[in-house]
Amino acid sequence: LLSRGVSTPDSVLIIFLNTLLMLSGAVIVGIMGLVGVAINDSIVVLAALRGNAEARRGQRQAAERVVFRASRHVISTTLTTIAGFMPLILAGGGFWPPLAISVAGGVAGATLLALVFVPSAFVLMFGRQPERRREPAQGNRVREAHQVVG
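Per the numbering used here, residue 252 is the first one in the sequence shown, and the count goes up by one each step.
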């Protein structure tokens, strides 16, 4: 959700302001496809962060290591998507280039946010939680027995 809410509109808007393309039906279809890739990138990063105990506690260095390892998957998805849409961008015409530019540019922006914004938000959200202290099981039984008696 973090990536979808920020990256898709911002990335596509920046690309269209730079290329002066008009928002059309093809662009809207491209944006719908882009949302799935953007969410997938964020899921890959979040799953990697949640899979590491130190990163789950919000330790910044651990989160950096985890994101660095997960970035291979995210970046390869981005590069193959951009390479796949490059012929459509270069082909010219009124339908395909706007769609391809919206997807390729949006995926590039979503990747940047998935690798920078999502881990930063994760560390900020989970880094400040105090660790829970658990009492031994025997202490709970003694307290319960005391409450029943007393």
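Note that beta-carbon positions come from the ideal geometry of N, C-alpha and C, so glycine has one too. It should be emphasised that the depicted structure is a prediction, and the values quoted were computed from it without experimental measurement.
Using 9 angstroms as the threshold, is the C-beta distance between residue i and residue j below it?
i, j, result
"L350", "A277", "yes"
"R316", "V374", "no"
"S293", "V358", "no"
For residue i, count the other beta carbons within 10 Å of its own beta carbon; 16 or more makes it buried, fewer makes it exposed. Which is it?
i, result
"G343", "exposed"
"G256", "Per-residue confidence for G256 stands at a pLDDT of 43, beneath the threshold of 50, marking its modelled position as unreliable; the derived number appears in the next sentence. Counting Cβ neighbours within 10 Å, G256 comes out exposed, since fewer than 16 surround it."
"V288", "buried"
"A314", "buried"
"S254", "With a pLDDT of only 42 at S254, under the threshold of 50, the placement of this residue in the model should not be trusted; the figure read from the coordinates follows. Buried, since its Cβ has 16 or more Cβ neighbours within 10 Å."
"A438", "Outside the modelled stretch of the chain, which goes from 252 to 401, sits residue 438, for which no answer is possible."
"S353", "buried"
"I282", "buried"
"V367", "exposed"
"G360", "buried"
Using alpha carbons as the reference points, say which of the options lies closest to residue i.
i, options, result
"R323", "S275, G360, V374 and A299", "A299"
"V318", "S371, L339 and V280", "S371"
"T331", "F373, L297, G356 and E315", "G356"
"R320", "G302, G284 and R308", "G302"
"V296", "M376, A365, L375 and Q310", "A365"
"T362", "R311, I333 and F373", "I333"
"N291", "P348, T328, F377 and F346", "T328"
"G284", "F336, A304, R308 and G309", "F336"
Alpha helix (DSSP H) segments (min. 4 residues) lying fully within the region 277-312: 304-307
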